[in-house]
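Below you'll find the structure, written out as structure tokens, and then a few comments.
Chains as they are written, first to last, in my numbering: chain A, 539 to 680; chain B, 9 to 260.
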């Protein structure tokens, strides 16, 4: 079967998921490039990023990291910038059953507490900062 | 054949035969916390039990009628009661949980000032009554009138909510045993309530626990006493049928 037909079939079956897996979200959400240092601080912050509730990351000063999700070490070599952006913005477009919250989505949510209603978990600039940080995580954990 | 029978006929039975795979939160606690729960002189929940015993015998309301006035000794009259709650309430034609029943007795039968949810007195009386079922298996009533609420509880348990868009099942069924930051995720069996939580530095009800999990995913919790909570409590009790009651338990 030629590749074109195969990818056409995929596109027809699951347009969003298939396209997204290929490309992710190449367009940055803001004009200001992400800042990896700020991104690291967001990932380390349990109230803002919440990442360490579920993931482990090479942030040795933070104790009690979660183990429900893949280690973020090496994420920057496993995924492109565009793929990482999509995983943060709305990982449920890739896997509707994902445990990972959508960090930049306000629709389709249920009984959101008033203090958070209509707000995304992270701002557009914070997403860009986290993407910039994740791209620095080239090394897999030994 | 056995497997087929399991699947076709005996699913409920086979599920309860899998009881040994179910774990109480107790089993995943540090040995010191387990020891604290098991030693009545170290278990802080026993302070509420003692206060509950006093309240059980204290006259209340215009007729000065104590709980003991109608029920007699809690050791015998209340044995096994907590193990079968939530139950069907004939008066309201709705499910009711143990704290709700105590509130109802207090208001309707004693005519005493109401005890709000999570008040020290209500927690104390609930702990005292629940203590009388310690060591007994959870035995949800077979009353079919409870089935719709159980089904609703199950739906609420699997429904995603909050800004983080997570369901109870995603953590407690799919990720139990893993670590959410520093906490081991328990299987969410309601074996120990009301219980003393070190983080609360107080005794708290199952509804308080459910509220905590809901605000944790940034969802709007229900009001204390809401039917939604009673429905979840019913579903959790069904899911834990046969497990041993440990109230008042201790949790980290």
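The beta-carbon is built from N, C-alpha and C at its ideal position, and this holds for glycine as well.
Span of the alpha helix (DSSP H) around residue i
i	result
residue 626 of chain A	619 to 628
residue 102 of chain B	It is not in any alpha helix (DSSP H) - residue 102 of chain B instead sits in the beta strand (DSSP E) that spans 102 to 104.
residue 240 of chain B	235 to 247
residue 576 of chain A	574 to 582
residue 150 of chain B	Taken as a continuous stretch (DSSP letters only), residue 150 of chain B belongs to no alpha helix (DSSP H), as it is neither H nor E.
residue 63 of chain B	53 to 65
residue 599 of chain A	Element bounds for residue 599 of chain A: n/a, residue is neither H nor E.
residue 155 of chain B	155 to 166
Chain-ordered chain B contacts of residue i [CB-CB under 7 Å]
i	result
residue 604 of chain A	187, 188, 189
residue 591 of chain A	188, 189
residue 584 of chain A	189
Beta-carbon proximity list for residue i, same chain, < 6 Å, skipping 5 on both sides
i	result
residue 568 of chain A	662, 663, 666
residue 587 of chain A	580, 581
residue 112 of chain B	none
residue 545 of chain A	Note that residue 545 of chain A has pLDDT 44, beneath the 50 cutoff, so the model's placement of it is unreliable and the number below is only indicative. Hits under 6 Å: none found.
residue 672 of chain A	613, 614, 622
residue 600 of chain A	582, 590
Where residue i falls, given that 16 or more other Cβ within 10 Å makes a residue buried
i	result
residue 103 of chain B	buried
residue 135 of chain B	buried
residue 78 of chain B	exposed
residue 585 of chain A	exposed
residue 602 of chain A	exposed
residue 183 of chain B	buried
residue 127 of chain B	exposed
residue 655 of chain A	exposed
residue 56 of chain B	buried
residue 254 of chain B	buried
residue 25 of chain B	Residue confidence is low: residue 25 of chain B scores 42 on pLDDT, short of 50, so the model does not pin down where it sits. No coordinate-derived value is stated.
residue 206 of chain B	exposed
residue 639 of chain A	buried
residue 648 of chain A	exposed
residue 51 of chain B	buried
Own chain partners of residue i with C-beta closer than 8 Å, once the 5 adjacent residues on each side are dropped
i	result
residue 38 of chain B	260
residue 570 of chain A	663, 666
residue 110 of chain B	123, 130, 133, 134, 137
Continuous beta strand (DSSP E) stretch holding residue i: start and end
i	result
residue 212 of chain B	210 to 212
residue 667 of chain A	Note, residue 667 of chain A: premise wrong, no beta strand (DSSP E); alpha helix (DSSP H) at 662 to 673.
residue 97 of chain B	95 to 97
residue 203 of chain B	203 to 205
Cut-off 7 Å between Cβ atoms - residues of its own chain near residue i, not counting five sequence neighbours on either side
i	result
residue 105 of chain B	93, 94, 238, 241
residue 620 of chain A	561, 562, 563, 564
residue 550 of chain A	In this prediction, residue 550 of chain A has a pLDDT of 42, which is less than 50 and means its spatial position is unreliable; what the coordinates show is noted afterwards. Same-chain partners within the cutoff: there are none.
residue 677 of chain A	611, 612
residue 139 of chain B	57, 255, 256
Proximal residues of chain A, C-beta to C-beta of residue i below 7 Å
i	result
residue 227 of chain B	649, 650, 651
residue 223 of chain B	651
Listed by chain order, chain A residues near residue i by CB distance under 9 Å
i	result
residue 167 of chain B	648, 649
Under 8 Å by beta carbon: chain B residues contacting residue i
i	result
residue 640 of chain A	173
Chain-ordered chain B contacts of residue i [CB-CB under 9 Å]
i	result
residue 637 of chain A	174, 178, 179, 182, 183
residue 659 of chain A	171, 172, 226
Requested in this report: Would you be able to state if there are at least three C-beta pairs under 8 Å between the segment 75 to 89 of chain B and the segment 220 to 238 of chain B?
Outcome: no
Query raised in the report: If we count Cβ pairs, one from each stretch, closer than 8 Å, do we get three or more for the segment 136 to 156 of chain B versus the segment 244 to 253 of chain B?
Result: yes
Requested in this report: State whether the segment 154 to 172 of chain B contacts the segment 115 to 123 of chain B, with contact taken as three or more CB pairs (one from each stretch) at a distance under 8 Å.
Outcome: no
**Report entry** Validate contact between the segment 600 to 607 of chain A and the segment 173 to 191 of chain B using beta carbons, cut 8 Å, 3 pairs
**Finding:** yes
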